[in-house]
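K.L.:
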Amino acid sequence: MTTRKRIDRKRLDQLAEIGARRRELRAELAKVEADIDPLLKGVYLEGWSWDQIADASGLSLQTVSNRLRKQGVINGERDDSGPFDQFTKADLRTERAQKIASERRKK
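Following the UniProt record's numbering, the residues of the sequence shown are numbered contiguously, the last one being 107.
This is the structure:
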């Protein structure tokens, strides 16, 4: 003889609550995603590095690249002449200058 478990709505109601919350979160996420795109373009054109943009937006580098490409900001080809991270470039110049100065002192 098999015993049947009593069917009650407790789990179904919990599932319905979680499902409703999930739909709310998806709607909120869609709005956030739409708000990110115009900001990506502005931040990229200001010259921030790809890593900084990805960290700030919470997106992967590939997603940032795809979104900028869809907006027409970048094309599929590598573009080394575009905006750059000014701080990193300045740091590299400073390091080179310090290296040259230390080599001159050794002579």
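Think of the CB as a built atom: it goes at the ideal place given N, C-alpha and C, for glycine as much as any other residue. Keep in mind that this is a model prediction, so the values were computed, not measured.
1) Considering only the alpha carbon of each residue, which of Q71, Q98, L29 and D55 lies closest to L45?
2) Specify the secondary structure class of K99 as computed by DSSP and reduced to three states.
3) Rounded to the nearest angstrom, what separates A30 and L59 at their Cα positions?
4) Would you kindly check if the distance between the Cβ of W50 and the Cβ of L39 is under 8 Å?
5) How would you call R67, buried or exposed, if buried means at least 16 neighbouring beta carbons within 10 angstroms?
P.N.:
Let's see:
1) Sequence index remark: in the sequence shown, residue 45 carries index 45 (1-based). Minimum Cα distance to L45 is reached at Q71.
2) Along the sequence shown, one-based indexing puts residue 99 at 99. K99: helix per DSSP, three-state reduction.
3) The residue labelled residue 30 in the question sits at position 30 within the sequence shown. The residue labelled residue 59 in the question sits at position 59 within the sequence shown. The straight-line gap from Cα to Cα measures roughly 14 Å.
4) Taking the sequence shown and counting its residues from 1, the one referred to as residue 39 is at position 39. Taking the sequence shown and counting its residues from 1, the one referred to as residue 50 is at position 50. No.
5) Residue mapping note: residue 67 aligns to position 67 of the sequence shown, counting from 1. Buried.
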